[in-house]
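Input: a single structure, listed below in structure tokens.
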Amino acid sequence: MKKALFTLITLLSLLVLTTGTVLAAPLADGYLTLREVRNDVNGDVIFVFDIVGEFSKSDFKNGFVFFADEKFPMGCHLEGSVLQCTTSRATAGQYVTVNIGGFIFWAFVPERGSAEASESSEYCYGVYDVYYDESSETHSWQQFETHCQDAPANYGDLLEDYVNPDLGFPSDYEFLPNSPQCYANPVVGNAYYGVCPS
């Protein structure tokens, strides 16, 4: 009984600590969106954020990238509505937590490629959309095309105004590790998925 009570208290404590960290984001007059993570061939690891609202350069000082038990500082440059932050190349190939301006993001930092490889390589990914089956009256994710590009995709990358020939109109497709949760049959795998209706 004591062991079960101790386990329950420990789990509740962890939940409170985690929730407190997430809710610690400032009540700012705006928000950040992580646009992309790059590991440039001839440069540093770069996080690119889109900014909506009122922020100053000082809001983004003291940002850090964490993975495992390591902590790396970020240097940031704000220009208009775009914030670019660089950090150590040691984060390459890692799933990291980014803490910047009181906001928290989770991202994967791609491995660095050689200049020669990035110029000649082609990266191909499935593109999925939701189809409705009238006979079973269900929606399901189905791949309708393979999209190839010159650079590896990062989670959050968008194919904007991409036309699904079966539907005949442009939609946005986001690169994700698995399908969004708006329909029953999940698809697991790095691919571009149609944005769920809101």
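Going by our numbering, the sequence shown opens with residue 3, and the numbers climb by one from there.
Backbone N, C-alpha and C fix where the C-beta goes; we use that ideal spot for every residue, glycine too.
- I106 and Y97 have their C-alpha atoms some 13 angstroms from each other.
- Across the set C78, D61, L160, G45, the C-alpha of L160 shows the shortest separation from the C-alpha of V197.
- Taking all protein chains shown into account, S60 has fewer than 16 neighbouring C-beta atoms within 10 Å of its C-beta and is therefore exposed.
- With a cutoff of 8 angstroms on beta-carbon distance, F68 and S90 are scored as not near each other.
- Going by DSSP, E176 is part of the beta strand (DSSP E) stretching over 172-180.
- Counting the other Cβ atoms within 10 Å of the Cβ of D174 gives fewer than 16, which makes it exposed.
- The straight-line gap separating the alpha-carbon atoms of C184 and E136 is approximately 18 angstroms.
- Its chain contains S142, W143 as the residues whose beta carbon lies nearer than 7 angstroms to that of N187, once the 5 sequence neighbours on both sides are disregarded; these appear in chain order.
- For the 8 angstroms CB-CB criterion, G32 and V54 form a contact.
- DSSP places A193 in the strand class (E or B) of the three-state scheme.
- Within its own chain, the residues whose Cβ lies closer than 7 angstroms to the Cβ of E113, once the five positions on either side in sequence are excluded, are N41, A94, G95, listed in chain order.
- Within the same chain, V39, Q96, Y97, V98, N156, Y157 come within 8 angstroms of F110 by CB-CB distance, once the 5 residues on both sides are set aside.
- Counting only runs of 4 or more residues that sit fully inside the segment 124-175, no alpha helix (DSSP H) segment turns up.
- Membership of P75 in the beta strand (DSSP E) is indicated by the continuous run 72-75.
- One alpha carbon belongs to G170, the other to F62, and they sit about 43 angstroms apart.
- With a cutoff of 8 angstroms on beta-carbon distance, H149 and V129 are scored as near each other.
- One alpha carbon belongs to D168, the other to G45, and they sit about 41 angstroms apart.
- Straight across, the Cα-Cα distance linking E176 with Y125 is about 15 angstroms.
- Taking A193 as reference, the option from D52, P154, F66, V84 with the minimal CA-CA separation is P154.
- With contacts defined by Cβ atoms closer than 8 angstroms, Y164 and L178 do not form a contacting pair.
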